[in-house]
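Report on the following structure.
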């Protein structure tokens, strides 16, 4: 039951990342995004992945963590791209 609840929590967070990615791509600006926040989220996801590997191995929750990491990394990449664009526009 705990893994199901953990998966629900991860999916709730996980659905927001693709939405954020599309928003960031369309905006073309990094004014409202925080690299520090995304890095903090990544640390949390990596801690969750490490906990899964150390306790139960690679079950389905592990793959939900991986999906979230990929989405945050994509958002981070777009944010860094948008920051470069913002600097050039000044």
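In our numbering, the protein residues as written are 372 to 461. We put the beta carbon where it would ideally sit given N, CA and C, even for glycine.
- Taking all protein chains shown into account, residue 375 has fewer than 16 neighbouring C-beta atoms within 10 Å of its C-beta and is therefore exposed.
- Two segments are said to touch when three or more pairs of C-beta atoms, one from each, lie closer than 8 Å; by this definition the stretch 385–396 touches the stretch 437–446.
- Residue 453 is a Cβ neighbour of residue 400, given a cutoff of 7 Å.
- A Cβ-Cβ contact shorter than 7 Å links residue 396 with residue 449.
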